[in-house]
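Here numbering that gives the first Met the number 0 is used: position 84 in the sequence shown is 83, and no number is missing along the way.
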Amino acid sequence: MKPKIGVISRFMAKENHYATGANYINAVVGAGGIPIQFPINPAEPPETLVSLVDGIIIPGGADVAPLSYGEQPHPKVTRTFRKNDIYEIEMIQAAIRQNKPILAICRGIQILNVSLGGTLYQDIPSQTKNEICHYQDSAARGEMTHSISIAEGSHLYHMIGKTEMLVNSYHHQSVKTLADSLKAVATAPDGIIEAVESEDGMIVGVQWHPESLCAISEEHARIFASFIERCQSVSTQQA
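Written out as structure tokens, the structure reads:
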């Protein structure tokens with residue numbers, strides 16, 4: 000049976016709707032999973048939702064509220080919604096308790112790091128040396144604009160099979176202080192952390208958007224394929 004993958008749909012307060020990018024859904028389907036959209040809804044405890052699926056995806060989105068990691072907002076922080084942060088943190092922690100694989104993408108890697116005790120650069124251009132551009136034209140979702148270096152021997156390396164690759168980039172925040180339970184396994188040329196993972200590979204977070212590249216890049220498609228395979232394996236073991 001195909002693994003069921005919970006994909007978080009965030010509440011967009013301004014538009015008054017829940018949103019999940021179609022590319023996430025398409026990437027899960029393309030990798031052999033069954034996507035199930037989870038709207039952020041306090042009426043359903045994250046523990047209950049996570050129990051219904053074999054793994055979860057934490058997608059990209061708006062800035063993480065600095066209050067979520069004990070800081071006041073930098074002037075460059077854009078729209079935030081703490082209810083989203085709180086619910087996603089609870090979802091991540093529920094998945095860890097239930098031993099369900101997690102794939103965190105863009106904002107997802109940031110809220111993952113925060114949920115495990117890490118902090119963020121609130122604005123890369125003003126808080127780091129920033130040698131390269133990390134925020135490209137958001138219309139060019141399939142354009143790869145900078146390289147990353149991948150740690151040989153990491154779970155990400157075994158997914159992709161190489162130590163260098165090109166990625167797209169749509170973020171002005173990133174991991175600053177890394178959570179103790181995560182390892183940094185990829186960096187941009189200016190040192191910004193581009194991927195993290197847990198020791199056992201159950202948790203993988205990437206700062207770019209592989210869901211927008213699956214159709215044109217086998218390397219990026221392997222990230223979803225490997226995640227679905229792990230979800231399937233864990234589901235079989237827990238059955």
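C-beta: ideal position from N, C-alpha, C; glycine also.
Counting C-beta neighbours from all protein chains within 10 Å, is the total for ASP84 16 or more, i.e. buried, or is it exposed?
Stepping through the sequence shown from its first residue, residue 84 is reached at position 85. Answer is buried; the Cβ neighbour count reaches 16.
For GLN92, which residues of its own chain have a beta-carbon under 7 angstroms away from its beta-carbon, when the five flanking residues on both sides are left out?
Your numbering for residue 92 matches position 93 in the sequence shown. If we look at GLN92 and ignore the five residues flanking it on each side, its Cβ neighbours are SER114.
Pick helix, strand or coil for MET158, following the three-state DSSP scheme.
Mapped onto the sequence shown, residue 158 falls at position 159. MET158 falls in the helix class under three-state DSSP.
Quick one: grab the DSSP three-state call for PHE37.
In the sequence shown, the residue the question calls residue 37 occupies position 38. It is a strand residue.
Check the C-beta distance from CYS105 over to HIS170 and give it rounded, since I have them as a contact under 8 angstroms.
To locate residue 105, count along the sequence shown from 1; it is residue 106. To locate residue 170, count along the sequence shown from 1; it is residue 171. Yes, they are in contact, since the Cβ atoms of CYS105 and HIS170 sit about 6 angstroms apart, within 8 angstroms.
What does DSSP give as the partner residues of THR186 in its beta bridges?
Residue mapping note: residue 186 aligns to position 187 of the sequence shown, counting from 1. BP columns for THR186 point to SER148, ILE192.
Locate the beta strand (DSSP E) running through LYS3, then write down its first and last residues.
Residue mapping note: residue 3 aligns to position 4 of the sequence shown, counting from 1. Run containing LYS3: 3-11, per the beta strand (DSSP E) assignment.
Output yes or no for whether 8 angstroms exceeds the beta carbon distance between VAL174 and ASP53.
Your numbering for residue 174 matches position 175 in the sequence shown. Your numbering for residue 53 matches position 54 in the sequence shown. Between VAL174 and ASP53, the C-beta spacing is not below 8 angstroms.
Taking all protein chains shown into account, do 16 or more other C-beta atoms lie within 10 angstroms of the C-beta of ASP179, making it buried, or fewer, making it exposed?
Locating residue 179 in the sequence shown gives position 180, where the first residue counts as 1. Looking at its Cβ environment, which holds fewer than 16 other Cβ atoms inside 10 Å, ASP179 is exposed.
Report the residue from GLY59, PRO58, GLU87, GLU14 whose alpha carbon sits nearest the alpha carbon of SER67.
Here the question's residue 67 lines up with position 68 in the sequence shown. The candidate whose alpha carbon is nearest that of SER67 is GLU87.
DSSP state of ALA178 mapped onto helix, strand, coil
The count along the sequence shown starts at 1 and reaches residue 178 at position 179. ALA178 carries a coil assignment under DSSP once its states are collapsed to helix, strand and coil.
Given this structure, state the Cα-to-Cα distance separating TYR23 from CYS132, to the nearest angstrom.
Taking the sequence shown and counting its residues from 1, the one referred to as residue 23 is at position 24. Taking the sequence shown and counting its residues from 1, the one referred to as residue 132 is at position 133. About 24 angstroms.
Kindly give me the distance between the Cβ atoms of ALA194 and VAL205, rounded to whole angstroms, as I take these residues to be in contact under 8 angstroms.
Here residue 194 refers to the residue found at position 195 when the sequence shown is read from its first residue. Here residue 205 refers to the residue found at position 206 when the sequence shown is read from its first residue. Indeed they touch by this definition, with Cβ atoms about 5 angstroms apart.
Could you tell me which of ALA42, PRO209, ILE123, GLU130 sits nearest to HIS73, measuring between CA atoms?
Taking the first residue of the sequence shown as position 1, residue 73 is located at position 74. That would be ILE123, whose Cα lies nearest to the Cα of HIS73.
Validate contact between the stretch 4-21 and the stretch 54-66 using beta carbons, cut 8 angstroms, 3 pairs:
yes
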